[in-house]
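Chemist:
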Amino acid sequence: MFFLLTALWPLVFDVLLLHTQGNKQWHCTGNPLPLDNERYACNTHVPFLIFSHGNDIFTINSDGTNLRKVVPSAGSTLQIDFIQQENRLYWLDQNRGFLQRMYLNGSKHERLRAVGKGSIGFAIDWKHNVIFWANQQKGTIELTSRNEKRSRVLLRGLFNPKFVAIDPLEGLLFWSSNKSWTIIQKATLDGSNVTSIIELSGALKGLTLDTDDKKIFWILSKIDREDSVIGSCSYNGDSVMIVKNLRLSTKYHVLGVSLLYNHIYYSERKSGSIKVINKFTGKDIVSVNLKPSIMEIRNIKVVYPVRSYSIPNSSSNQGAKSCSISNKHCTKTCEIDAENQKCHCMNGFVLSSNGRYCEDINECALWNHGCTLGCENIPGSYFCTCPEGYVLLPDNKTCHDKTPCLTEHIECSHGCVQTTKGPLCTCPEGSVLSEDGKSCTGCTSPDNGGCSHICIMSGPGTWECDCFPGYNLQLDRKQCLASGPRPYLMFANVHDIRRINFDGTNYESVLDSQIGRVFALDYDPVEDRMYFAHTALKCIESANMDGSDRKKMISGDLSTLEGLTVDAINRKLYWTDRGKSCIERSDLNGKYRKILIQENNIQPRGICVHPLAKKLFWTHVGANPRIESSDLEGSEREVIISKDLIWPSGITVDHLTDVIYWCDAKKSVIESANLDGSNRQSFSQNDVGHPFAISVFEDHLWVSDWVQPSLIRIEKRNTQNWVRLRGNMQRPSSVVIVHPLAKPVIADDIPLPRKEKDSNNQTAHSESFFPGPLSTSNAEMGTREAPSSRNGLLAEIMVSDDSGCIDIHCDINAHCVSSEDGPKCQCLEGFTGNGRLCHDIDECSLHIAACNPHQTECIDTEGGYICKCKYGYIGNGLQCTDIDECSRGTHTCGENAVCTNTEGNYTCTCTNGFPGSAADCTGKTIIRECPLAYDGYCLNGGVCIHFPELKDYGCRCVAGYVGERCQFDDLKSWEKHVTQMKIHNVTIAVSLLLLLLILGLGSFATYYYRHQMTHRKNHFKQETAPGTTEKPICSTSGLSRSSEPGCLGKL
1 MFFLLTALWP
11 LVFDVLLLHT
21 QGNKQWHCTG
31 NPLPLDNERY
41 ACNTHVPFLI
51 FSHGNDIFTI
61 NSDGTNLRKV
71 VPSAGSTLQI
81 DFIQQENRLY
91 WLDQNRGFLQ
101 RMYLNGSKHE
111 RLRAVGKGSI
121 GFAIDWKHNV
131 IFWANQQKGT
141 IELTSRNEKR
151 SRVLLRGLFN
161 PKFVAIDPLE
171 GLLFWSSNKS
181 WTIIQKATLD
191 GSNVTSIIEL
201 SGALKGLTLD
211 TDDKKIFWIL
221 SKIDREDSVI
231 GSCSYNGDSV
241 MIVKNLRLST
251 KYHVLGVSLL
261 YNHIYYSERK
271 SGSIKVINKF
281 TGKDIVSVNL
291 KPSIMEIRNI
301 KVVYPVRSYS
311 IPNSSSNQGA
321 KSCSISNKHC
331 TKTCEIDAEN
341 QKCHCMNGFV
351 LSSNGRYCED
361 INECALWNHG
371 CTLGCENIPG
381 SYFCTCPEGY
391 VLLPDNKTCH
401 DKTPCLTEHI
411 ECSHGCVQTT
421 KGPLCTCPEG
431 SVLSEDGKSC
441 TGCTSPDNGG
451 CSHICIMSGP
461 GTWECDCFPG
471 YNLQLDRKQC
481 LASGPRPYLM
491 FANVHDIRRI
501 NFDGTNYESV
511 LDSQIGRVFA
521 LDYDPVEDRM
531 YFAHTALKCI
541 ESANMDGSDR
551 KKMISGDLST
561 LEGLTVDAIN
571 RKLYWTDRGK
581 SCIERSDLNG
591 KYRKILIQEN
601 NIQPRGICVH
611 PLAKKLFWTH
621 VGANPRIESS
631 DLEGSEREVI
641 ISKDLIWPSG
651 ITVDHLTDVI
661 YWCDAKKSVI
671 ESANLDGSNR
681 QSFSQNDVGH
691 PFAISVFEDH
701 LWVSDWVQPS
711 LIRIEKRNTQ
721 NWVRLRGNMQ
731 RPSSVVIVHP
741 LAKPVIADDI
751 PLPRKEKDSN
761 NQTAHSESFF
771 PGPLSTSNAE
781 MGTREAPSSR
791 NGLLAEIMVS
801 DDSGCIDIHC
811 DINAHCVSSE
821 DGPKCQCLEG
831 FTGNGRLCHD
841 IDECSLHIAA
851 CNPHQTECID
861 TEGGYICKCK
871 YGYIGNGLQC
881 TDIDECSRGT
891 HTCGENAVCT
901 NTEGNYTCTC
911 TNGFPGSAAD
921 CTGKTIIREC
931 PLAYDGYCLN
941 GGVCIHFPEL
951 KDYGCRCVAG
961 YVGERCQFDD
971 LKSWEKHVTQ
981 MKIHNVTIAV
991 SLLLLLLILG
1001 LGSFATYYYR
1011 HQMTHRKNHF
1021 KQETAPGTTE
1031 KPICSTSGLS
1041 RSSEPGCLGK
1051 L
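To convert, note that position 930 of the sequence shown is 930 in UniProt numbering; the numbers rise steadily by one, no gaps.
(1) At which residues does the alpha helix (DSSP H) containing C886 begin and terminate?
(2) May I ask you to list the residues that DSSP assigns as paired with L473?
(3) Taking 8 Å as the cut-off, does the segment 685 to 695 touch the segment 719 to 736 (at least 3 CB pairs, one atom from each stretch)?
(4) What does the Cβ neighbour count give for E429, buried or exposed, with the cut at 16 atoms within 10 Å?
(5) Quick check: the segment 829 to 840 against the segment 509 to 520, are at least 3 beta-carbon pairs closer than 8 Å?
(6) Suppose only complete runs of 3+ residues qualify. What are the beta strand (DSSP E) ranges in the segment 366 to 432, listed by chain order?
(7) Report yes or no: do three or more beta-carbon pairs, one from the segment 592 to 609 and one from the segment 566 to 576, lie closer than 8 Å?
(8) For H620, which residues in the same chain have their Cβ closer than 8 Å to its Cβ, ignoring the five residues on either side in sequence?
(9) Put Q980 into one of helix, strand or coil per three-state DSSP.
(10) State the DSSP-derived secondary structure class of I841, mapped to helix, strand or coil.
(11) Decide yes or no for the touch test of the segment 706 to 716 against the segment 438 to 448: beta carbon pairs closer than 8 Å, at least 3 of them.
(12) Of the residues V696, D557, K951, which one's Cα is nearest the Cα of L939?
(13) By the 10 Å Cβ neighbour count, where 16 or more other Cβ atoms means buried, how is N262 classified, buried or exposed?
(14) Under the rule that 16 or more other beta-carbon atoms within 10 Å means buried, what is G422, buried or exposed?
(15) Grab me the residues of Y906's own chain with a C-beta within less than 7 Å of its C-beta, minus the 5 sequence neighbours each way, in chain order.
(16) For I694 versus G634, is the C-beta spacing smaller than 8 Å?
(17) Does the distance from the C-beta atom of I378 to that of G459 stay below 8 Å?
(18) Hey, V707 and C816: beta-carbon distance below 8 Å or not?
(19) Measuring straight from C-alpha to C-alpha, what distance separates L395 and N728?
(20) Pick helix, strand or coil for R1010, following the three-state DSSP scheme.
(21) With P161 and G139 assumed to form a contact (beta carbons below 8 Å), what rounded beta-carbon distance in angstroms separates them?
(22) Can you say whether K186 is buried or exposed, counting buried as having 16 or more other CB atoms within 10 angstroms of its CB?
(23) In its own chain, which residues sit with a C-beta less than 7 Å from the C-beta of S232, not counting the 5 before and 5 after it?
(24) Between the segment 560 to 571 and the segment 518 to 527, do at least 3 Cβ pairs fall closer than 8 Å?
(25) Count the other CB atoms within 10 Å of the CB of M490; is the residue buried (16 or more) or exposed (fewer)?
(26) Using DSSP with H/G/I as helix, E/B as strand and the rest coil, what is L752?
(27) According to DSSP, which residues form a beta bridge with W91?
(28) On the three-state DSSP scale, how would you describe F280?
(29) Checking 8 Å against the spacing of the C-beta atoms, do K205 and I184 come in under that value?
(30) By the 10 Å Cβ neighbour count, where 16 or more other Cβ atoms means buried, how is L588 classified, buried or exposed?
(31) The beta strand (DSSP E) with H45 in it runs from where to where?
(32) Please name the residue or residues paired with Q681 in a DSSP beta bridge.
(33) At the level of alpha carbons, what is the spacing between Q136 and S439?
(34) For S1003, which three-state DSSP category applies?
(35) How about A568 and P525: do their beta carbons lie closer than 8 Å?
(36) Using the C-alpha atoms, what's the distance from K951 back to T881?
Take a look at the structure:
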C-alpha cells in the first residue's frame, strides 16, 4: 500500500493542480505588515497568545481557535516569554525561584536554572542568547546565557525592580522601579548608560515594548482613583500619551499586557476575557471570552509565528546557516557556545566521526528494534512486519494471529483481535491507534491523519501532510492556509451588509443605507463585486466590496428571494425564489434571465454552484424537505438527500474535496455528503441554534445563527472545536468568505462583460441604480459618491457557550441575550414585544421614519423601512432632487401643448384653444403607462396607470386586493367571492340531487311498465286457454274501454 500510494502521488498532484488551475498566486515574503484600517497584507500564520491560568500555561489563536493546555502544573505565580527561533517557551516560577523551558509541542521540558527567591520579572535577548531577570529582594538585575549555568549581576542598588523588557535590535534594557511612584528606566545591554525615562504616579501593572515604533506601553493603576490607564511614550520619555482609560473598580485589576503591530492585548482579573484595542486610538476592537472554563488570565504574551528580524553580522545567524547546509538530516538551528557549534542529527541518525554529516542507524541489524517476528530498516527508522495470517498490534512490535473479538467487545472504529490480555483494536495499514484505544488516525483513516488536505505515507504508521496548490503548510505541519490576501467574512444582517475578519478585527458595516431586507448574498472575486437580493423590494443589486457603485441588476417578477450564488467561471448568477417556487439564472450583468427549475419545486431556499463539477445544488423547505442537484442548465435533476430532513436551509460546497455541507434550521444540525449524496455524516447537533446559512473555507465551517445572533466557526474534522463570533448582530443570514481561493476561478477563460443593449431585458450591466429608491450614486448629477466613513463595531469571540440560550425559545424576530437573571428573549431592532412574541414597528404610519414627506415616500419593511423618492424626484431616497422633465424631454405633452416644470412634476398647457391642461390637447382624459421610476409601485400583482391630466397615479388591482397601491386584502370581495362559491356549490349539489331523483323516477316507471306488461300477458294467456272464446283486442284510441263492448282493452 505504501509503495502504491508513493507511485500514484505524482498523478494525484497533477489532478489537483488541474483542479485549481487559474487560481491567482501571491508571494508574501517578509513580515505581513499591517495596511490601512488594521488589515494585514498576507494570509500567513495566525498569531497566537500564551497565558497562564492557575498553575497551567495555555495557548490560543488570536481568532479564538485551538485553545490547549501546553504546560500543566507549571507553578502558581509565573512570568512567560517565548523564543520564536527555537519555538520554545520559557517561564519563571516566582514561588519556587526556577527558570524552566519546553518546546511548544510539549517535548524536552527542562529546568534551566535556579534564580532564587524574590525574582519577579524576566526577559530574553534572543539575539545574544541571554536571559535577564529582576530580583526585588536583592535590588538587582541579573543575566545568564541560555545554555550556561553561570550567572552574574548586571545592575545593583535598584529599588524594587519588577518589570523587565528587552529590545535586542536596539540593544536596550528597560525595567520599572516602584517607590511611592513608579520610575521606568533603561540601560544598554552591558549595564551602562542607565537613564530614567519617565516617572508615573501609581502602581505599574504591566510593561511591554513596541519595537516597531520604538515606544513603551504600560498599564498604570492610579493611587488616588479606582481606575487604570494604558499609556505610552517614546524610548526617550517624550510623546507621552494616554491611550485608554480603563475605569476599573478595585476588584478588577489588569493582570497582563502584550503588543503586536497595531493591537494591544490585555486581561482583567476574574473577567475570563482578553481585550484587544487599537494602540493609537484606544478603541475597543474585539474581546476573546474564555468563560466559564477559564476565569482569570495572567501574563499574556502574543506571538506571530513567522515574524523574523534581519540581524547583520550575527555569528549565530552565520552558524545556523553553515549548520543547516551541512546535511539535510541536521536540525535547522544550532546551539552556539563561546567557541564552536554542533550539528544535531534527527532521530534515527548518528553524527559521523568527523561531526560533519549524519549516518543512518540500522536498528534491525543491531537487534534493538523489539519486533517479535520481522523487522525492516528504512532511512532514519524501521518498522515491524508480520507474516500472512497475523496482525500487528497497536504497540507496532507484537504480531498476533487474527482471532476476531466477541461481539460485545466490538467498539473499534476499524478492527478488533482477541488476545490473552483481552480485546485490542487494530487499524488499517497506514494508520495507528489513537490515544482513546478505539479510533484510528492516519492516511487511511477518516481523520486523514490530521492533515487539512493531503496525507502522504512516509512509512508504515508514519505520514506527512501536504497542501493543495495555492495553500501553505503551517508550523504544525498539518494545517493548510490559503496564500494571498487575508480572508474575511461578509454577511447579510437583514438591514445591512457587514464585513469582519476571522479574529473579530476590522468589523464594520459596508452597506447600511436603504437596504430594506436582505437574506441572500454572494460575491464575484473576478470583479470584486457583491450581489445581494432584497426580499421586500423584490430586486437584485450589485456593488463594490466597499459598498460603493450600487447597481440594480434584476427587477420585476420577483417574490421571496432567500438564496443566491455566483458562478465566477461561467459569469452566471443563480437565485432561488420561494414565492414563485422556482430557480432562475442570468448573466452577472443581469441579462439573459431564464427559469431553470420550476416543476415540483415547492419551496427552494439555499443554493450553491460547483462550476468545476458543472453541478448546481439547492435545498427545499416545507412539507417535502429534500436536497436536489442538476447540471448548470437545470437538466439531469435528481434528489440526492430526502430522508431525515426537517428544514434544510443553507448549503455550500467544498470545491477542493467535492463535499457538500448543509444546515437544518429546525433540527439544529450540520451535515455533509459527497456530491451524489453518499457518505452522509452528521456534525454539530443541537448547539448551532437556528442556522440559516453555511460556508466553508480552509479547515473550518462558518454558520450563521439566529437564536444567538452570531457566526459560528466549526472545525471540519473535530466539531467539538468551535467558537462563536458575535457583536451587535440582528439576524445574520448569508455568510461568504472573501478570498481569491474561496471560489474556483480560471482567469484565462473569463469573458469580458457584454455591454451591448438587450431588447429583451432592459436591465444592463452599465445601468446605474437611478432612478430608484436605493441608489447611493450621484451619477445623474455628474458626481460619484465616495464610500461613507464608517465607525467600526465591537466584536466578541466566545470560546465556549455559557449563555444558556440553547434551551430558551424566542420569537423568530427576537434573539437571546445573557443577563444577571439568566438568559432572556429580546426583540430585534424594529420590533416590539416581550421577546416571546414580537411585532413589527410600522415606522411609516407612526411618522417616526426619517423620510422627507414632501419628496419621498416611506415604505415599511419587516423590522425597518426605506425612503423612496416620489415621482418627479431622483436620488437615493435620503436625498432627492427635482427632475426637470421639460428640459430633459421626458414629459408627455403633445405637439399642441407647452411643458412647464413644477416641483416634483410638470404641467402641459394647451395652445390650440382647448381649456385647461392636457397631454395631447384633445379634451379627453388620457391614461398612460407609468414611467420606469414607478416599477414596483403597485403591489400584489397590480398594474400601474398614469393620469397625466390629473397629475396622479393609480393601480388596477387583481381580484382580492384593494387600496391605492393594492396593498390591502379586499375582504368584501373575498366574502362575495366565497358567497358566490357557496351558491355555486349548492347549485351544483341541488342539480345533482334532482338529476338523481329524475333518474330514479325514470327507472321506477320503466320497471313498473314492464311489470304490468308481463302481468297482462299472463292474464291473456289464461283467458285464451282451450274451452274459452277468444275476443278481439280493439283499439282504445279516443274511446273509453266501455264504449266498445266485446273488445279487450289494449295492454
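Even glycine gets a Cβ: it sits at the ideal position worked out from N, Cα and C.
All figures in this text were calculated on a predicted structure; none of them were measured in a lab.
Modeler: In short:
(1) Translated into the one-based positions of the sequence shown, residue 886 becomes position 886. From DSSP, the alpha helix (DSSP H) with C886 extends over 885 to 888.
(2) Position 473 of the sequence shown holds residue 473. L473 is bridged to C480.
(3) Yes, the segment 719 to 736 touches the segment 685 to 695.
(4) Here residue 429 refers to the residue found at position 429 when the sequence shown is read from its first residue. It is exposed - the Cβ of E429 has fewer than 16 other Cβ atoms within 10 Å.
(5) Because the criterion of three Cβ pairs below 8 Å is not met, the segment 509 to 520 and the segment 829 to 840 do not touch.
(6) The segment 366 to 432 contains these whole beta strand (DSSP E) runs: 374 to 378, 381 to 385, 390 to 392, 399 to 401, 415 to 419, 422 to 426.
(7) In this structure the segment 592 to 609 lies against the segment 566 to 576, because at least three pairs of beta carbons, one per stretch, are closer than 8 Å.
(8) In the sequence shown, counting from the first residue as 1, residue 620 sits at position 620. The beta carbon of H620 lies closer than 8 Å to those of N601, I602, Q603, P604, R605, R626, I627, E628, P648 in the same chain, with the five residues before and after it left out.
(9) The residue labelled residue 980 in the question sits at position 980 within the sequence shown. The answer is helix: DSSP assigns Q980 an H, G or I state.
(10) For the purposes of this step, residue 841 is taken as the residue at position 841 of the sequence shown. In this structure, I841 counts as coil in the three-state DSSP scheme.
(11) Put simply, the segment 706 to 716 does not touch the segment 438 to 448. Fewer than three CB pairs are less than 8 Å apart.
(12) By one-based count along the sequence shown, residue 939 stands at place 939. Residue nearest to L939 within the set V696, D557, K951 is D557 (criterion: CA-CA distance).
(13) Along the sequence shown, read from residue 1 onward, the residue named residue 262 stands at position 262. Its Cβ being crowded by 16 or more others within 10 Å, N262 is buried.
(14) Position 422 of the sequence shown, counting from 1, holds the residue named residue 422. Its Cβ having fewer than 16 others within 10 Å, G422 is exposed.
(15) Counting from one through the sequence shown, the residue named residue 906 turns up at place 906. The beta carbon of Y906 sits closer than 7 Å to those of E885, C886, H891, C899, T900, all from its chain and outside the five residues before and after it, given in chain order.
(16) Numbered from its first residue, the sequence shown carries residue 694 at position 694. Numbered from its first residue, the sequence shown carries residue 634 at position 634. Cβ distance not < 8 Å, so I694 and G634 don't count as in contact.
(17) As a working mapping, residue 378 is identified with position 378 in the sequence shown. As a working mapping, residue 459 is identified with position 459 in the sequence shown. Yes; because the gap between Cβ atoms is below 8 Å, this pair is in contact.
(18) Looking up residue 707 in the sequence shown gives position 707. Looking up residue 816 in the sequence shown gives position 816. The Cβ atoms of V707 and C816 lie closer than 8 Å to each other.
(19) Reading the sequence shown from its first residue, position 395 is the one you call residue 395. Reading the sequence shown from its first residue, position 728 is the one you call residue 728. Inspection of the sequence shows that residue 395 is occupied by Asp rather than by Leu. Computed Cα separation, rounded: 52 Å.
(20) As a working note, residue 1010 is residue 1010 in the sequence shown. In the three-state reduction of the DSSP assignment, R1010 falls in the helix class, which pools H, G and I.
(21) To locate residue 161, count along the sequence shown from 1; it is residue 161. To locate residue 139, count along the sequence shown from 1; it is residue 139. Rounded, the Cβ-Cβ distance is 7 Å, consistent with contact.
(22) Walking along the sequence shown from the start, residue 186 turns up at place 186. Classification for K186: buried.
(23) Taking the first residue of the sequence shown as 1, we reach residue 232 at position 232. K215, I216, F217, M241, V243, listed in sequence order.
(24) Yes, since at least three Cβ pairs between the segment 560 to 571 and the segment 518 to 527 fall closer than 8 Å, the two stretches touch.
(25) Looking up residue 490 in the sequence shown gives position 490. The residue is buried, with at least 16 neighbouring Cβ atoms inside 10 Å.
(26) If you number the sequence shown from 1, residue 752 lands on position 752. Because the pLDDT at L752 is just 38, under 50, the model does not fix this residue reliably, and the point stays unresolved.
(27) Locating residue 91 in the sequence shown gives position 91, where the first residue counts as 1. For W91, which the question treats as bridged, DSSP gives the partners I80, Q100.
(28) Here residue 280 corresponds to residue number 280 of the sequence shown, with the count starting at 1. Here F280 carries a coil assignment [DSSP, helix/strand/coil].
(29) Sequence index remark: in the sequence shown, residue 205 carries index 205 (1-based). Sequence index remark: in the sequence shown, residue 184 carries index 184 (1-based). Not closer than 8 Å, so no.
(30) Position 588 of the sequence shown, counted from the start, is the residue given in the question as residue 588. Under a 10 Å Cβ-count criterion, L588 is classified as buried, with 16 or more other Cβ atoms of the shown protein chains found around its own Cβ.
(31) Here residue 45 corresponds to residue number 45 of the sequence shown, with the count starting at 1. For H45, no beta strand (DSSP E) segment is defined, and its DSSP state is neither H nor E.
(32) Locating residue 681 in the sequence shown gives position 681, where the first residue counts as 1. Q681 pairs with S672.
(33) To locate residue 136, count along the sequence shown from 1; it is residue 136. To locate residue 439, count along the sequence shown from 1; it is residue 439. Taking the straight line from one Cα to the other gives about 52 Å.
(34) Against the sequence shown, residue 1003 aligns to sequence position 1003. S1003: helix per DSSP, three-state reduction.
(35) As a working note, residue 568 is residue 568 in the sequence shown. As a working note, residue 525 is residue 525 in the sequence shown. Yes, the pair counts as a contact, with Cβ atoms nearer than the cut-off.
(36) To locate residue 881, count along the sequence shown from 1; it is residue 881. To locate residue 951, count along the sequence shown from 1; it is residue 951. In a straight line, the C-alpha of T881 is about 19 Å away from that of K951.
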